[in-house]
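Chains as they are written, first to last, in the numbering used here: chain A, 38 to 457; chain B, 26 to 282. Here the structure comes first, spelled out in structure tokens, and everything after it is commentary.
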């Protein structure tokens, strides 16, 4: 970690270093799944925001996946989602170097690769120096330690939002609302910049508008045959996005909805045999691989929906932004006992007419996979098959396509045989 | 009307020739030796010769196993999970659970009352406790792979083997030999360790009887005995457990003729 401080720490140097390394690596490949204009727009927006974070004039916050970003857009702060950065770095082909770097600095290979990759990227000085760091206590305790470590290394302030497990407690919303207010006050001091409450209300309104289109899109995805492939949709991972509250994401989700609507209304395909419909749990591997291509094209099944695209929160009140954001955070299905999340999964199975579940269990994840046994028992009783496939989202060294292929193909054969 | 099933595994490749009455006309087992295509062609032609049928008589060929996608003359590919299930159910029609331990992986397959796969589990990340693991141990002990079962039956004392990593287990075995433990006791310990690992895997799918064991490791009476003791059940072993996957593939080939 000492190299971060030893090297020249301005963002222009950091960006130059990243781009030089990326150019040395293999040429970037465009995802074969991006058939929609909206997906191109989303990818462009993500890249633009990442590059904007390297602008010396930008105020930059490192955030984890569920830290609300509406606050940042209201304060003209560029959020850098460290988990998303790992997926981006996979595109730049520098992930393995980052993972190696973390391991060489005594971070065990058993730690979640999102964490290792972020640490390695910081060690290699690829990341734009943040002005502060903000993290929620959920999903991962690991993230809180990561953010603490990074805050020490960059010598920047670190703010933590403690999300209560007991989300139904009468005081839970108030507890979180107060923390959000306090966090904003702390950010104001750190940046010497006041929040404009009208801008915060506007960010909430924009977030609502983006949500409106995504919810409508999710309704369209109940159609059979599936109007869009899961290989394209999973990269939206809407619940983890760091663009909620921005003007641009409204356009992306509106375009997404309109393009899919157009597809549904203008489909001239003759009625075909109903394909097996899969619900995907968790994320996917981000390095170059053909997992979704294999599932959706070679095996000819539909990944009808992904849990990371389920919009679990209601419309927010722009006049009560902090309270609304607190409610949004508490509405997250994994917050609280596992039964709550199981309920959501069961609803999605019904809503999307699901025949089976593929659960991609990220190695090193201690937060989201430990309840899978109970889920599998419940699904067994309901006659819904589920396969848990172990794999790594970031570390390609752990990837054996032949192994995954056999498991998935056998799982699909099992469902097909059942339906015979 | 002849159907052929091919099972191209990491260590061995098998072929089974079936006639239209589901009679097994022949089967052949050979080492893959890293060349899937060559091994598949060899067992294919040898099995036809043994069955006294010509290539022109063959109506359908199905390939399974890790090399299944590399066999251009196969008309369909199916995973070994489905094939082992079909093969085992064909040989023992009441089967509800299958234990398959092959060269590099181990599986537990649960069948419903109609012989269809209801659930399955496979080893993850590591090939400990599989055929390859036993090969390494046999080599480290200086004994033949085929003698492991017989030797373990002479064991007088159970020596717990703590490591199931192929590399670490090898060094543990070498240390035990150096300490003066008998080969029989060490091999028995190895078999018990494999059984413990497999039982943990199997419990994930709730074992139901009757149980059939397939794959090359089913030929090791020591592993079978250790599993039976751990599970407190009798395990059915086919006459040739190594060809069950290819038999399942042949049954599928026949279904689609």
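Each residue gets a CB set at the ideal place from its N, CA and C atoms; glycine is no exception.
If distances are taken between C-alpha atoms only, which option among the options comes closest to residue i?
| i | options | result |
| --- | --- | --- |
| residue 469 of chain A | A:390, A:387, A:350, A:99 | Since the displayed chain A opens at 38 and closes at 457, residue 469 of chain A lies outside it and no answer follows. |
| residue 442 of chain A | A:430, A:213, A:98, A:336 | A:336 |
| residue 319 of chain A | A:152, A:158, A:424, A:144 | A:424 |
| residue 236 of chain A | A:386, A:108, A:314, A:438 | A:108 |
| residue 135 of chain B | B:34, B:237, B:217 | B:237 |
| residue 164 of chain B | B:212, B:226, B:179, B:82 | B:212 |
| residue 279 of chain A | A:59, A:86, A:46 | A:86 |
| residue 301 of chain A | A:286, A:46, A:261 | A:261 |
| residue 180 of chain B | B:44, B:247, B:220, B:130 | B:247 |
| residue 216 of chain B | B:250, B:201, B:46 | B:250 |
| residue 164 of chain A | A:177, A:172, A:149, A:187 | A:187 |
| residue 129 of chain B | B:29, B:157, B:26 | B:157 |
| residue 34 of chain A | A:135, A:213, A:315 | Residue 34 of chain A cannot be examined here, being either before or after the span of chain A that is shown, 38 to 457. |
| residue 137 of chain B | B:232, B:218, B:48 | B:232 |
| residue 316 of chain A | A:329, A:306, A:340 | A:340 |
| residue 123 of chain B | B:196, B:94, B:262 | B:262 |
| residue 331 of chain A | A:445, A:344, A:285, A:309 | A:445 |
| residue 131 of chain B | B:258, B:257, B:198, B:106 | B:106 |
| residue 53 of chain B | B:44, B:66, B:59 | B:66 |
| residue 342 of chain A | A:394, A:311, A:437 | A:394 |
| residue 295 of chain A | A:326, A:55, A:76 | A:76 |
| residue 137 of chain A | A:120, A:416, A:158 | A:158 |
| residue 311 of chain A | A:238, A:196, A:375, A:392 | A:392 |
| residue 196 of chain B | B:161, B:224, B:133 | B:161 |
Just to make sure I have the definition right: I need the residues of chain A whose C-beta is within less than 8 Å of the C-beta of residue i. Which are they?
| i | result |
| --- | --- |
| residue 91 of chain B | 439, 443 |
Can you have a look at residue i and say buried or exposed, based on whether 16 or more other CB atoms are within 10 angstroms of its CB?
| i | result |
| --- | --- |
| residue 65 of chain A | In this predicted model, residue 65 of chain A has a pLDDT of only 49, less than 50, meaning its place in the structure is not dependable enough to derive any value. |
| residue 84 of chain A | exposed |
| residue 145 of chain B | buried |
| residue 43 of chain A | Low per-residue confidence applies at residue 43 of chain A: pLDDT is 47, beneath 50, and the placement is therefore not dependable, though the value from the model is reported in the following sentence. Counting Cβ neighbours within 10 Å, residue 43 of chain A comes out exposed, since fewer than 16 surround it. |
| residue 364 of chain A | buried |
| residue 275 of chain B | buried |
| residue 105 of chain A | buried |
| residue 132 of chain A | buried |
| residue 282 of chain B | exposed |
| residue 266 of chain B | buried |
| residue 411 of chain A | exposed |
| residue 439 of chain A | exposed |
| residue 387 of chain A | exposed |
| residue 190 of chain B | exposed |
| residue 99 of chain B | buried |
| residue 389 of chain A | buried |
| residue 37 of chain B | buried |
| residue 110 of chain B | buried |
| residue 207 of chain A | exposed |
| residue 413 of chain A | buried |
Pull up the CB-CB distance for residue i and residue j, whole angstroms please, since I reckon it's below 8 Å.
| i | j | result |
| --- | --- | --- |
| residue 471 of chain A | residue 168 of chain A | It is not possible to answer for residue 471 of chain A, since the shown part of chain A is limited to 38 through 457. |
| residue 200 of chain A | residue 353 of chain A | Their Cβ separation, rounded to whole angstroms, is 17 Å, which puts residue 200 of chain A and residue 353 of chain A out of contact at 8 Å. |
| residue 214 of chain B | residue 184 of chain B | 4 Å |
| residue 267 of chain A | residue 333 of chain A | 7 Å |
| residue 85 of chain B | residue 279 of chain B | 7 Å |
| residue 100 of chain A | residue 273 of chain A | Not a contact, Cβ separation roughly 18 Å. |
| residue 35 of chain A | residue 322 of chain A | Look at the range of chain A in this structure, 38 to 457, and you will see that residue 35 of chain A is not part of it. |
| residue 30 of chain B | residue 61 of chain B | Contact doesn't hold; Cβ gap of about 15 Å is too wide. |
| residue 40 of chain B | residue 72 of chain B | 4 Å |
| residue 371 of chain A | residue 176 of chain A | 6 Å |
| residue 174 of chain B | residue 245 of chain B | 5 Å |
| residue 49 of chain A | residue 91 of chain A | 7 Å |
For residue i, return the contacting residues in chain A, with the cut-off set at a CB-CB distance below 9 Å.
| i | result |
| --- | --- |
| residue 147 of chain B | 440, 443, 444, 447 |
Which residues in chain B have a C-beta closer than 9 Å to the C-beta of residue i? List them in chain order.
| i | result |
| --- | --- |
| residue 450 of chain A | 103, 104, 106, 107, 142 |
So with CB distances below 8 Å, who are the chain B contacts of residue i?
| i | result |
| --- | --- |
| residue 333 of chain A | Result: empty, since nearest Cβ-Cβ is about 18 Å, beyond 8 Å. |
Cβ closer than 7 Å: which chain B residues qualify as neighbours of residue i?
| i | result |
| --- | --- |
| residue 455 of chain A | 141 |
Can you list, in chain order, the stretches of the beta strand (DSSP E) that have 3 or more residues and sit fully within the stretch 87-160 of chain B? Counting only runs of at least 3 residues, the stretch 87-160 of chain B fully encloses the following beta strand (DSSP E) elements, listed from N- to C-terminal order: 122-126, 131-136, 142-147.
Would you mind listing the beta strand (DSSP E) stretches within the stretch 128-211 of chain A that are 3+ residues and don't spill past its ends, in chain order? 169-173, 194-198
Can you list the alpha helix (DSSP H) stretches of 4 or more residues lying completely in the stretch 354-413 of chain A, in chain order? 358-367, 375-388
Can you give, in chain order, each stretch of the alpha helix (DSSP H) that sits fully within the stretch 243-288 of chain A and has at least 4 residues? 267-270
Going residue by residue through the stretch 168-224 of chain B, where are the continuous alpha helix (DSSP H) segments of at least 4 residues, counting only ones entirely within it? Fully enclosed alpha helix (DSSP H) runs of no fewer than 4 residues occupy 173-177, 191-204 of the stretch 168-224 of chain B, in order along the chain.
Ordered list of beta strand (DSSP E) runs contained in the stretch 303-344 of chain A, each at least 3 residues: Within the stretch 303-344 of chain A, the complete beta strand (DSSP E) runs of at least 3 residues are 314-318, 339-343.
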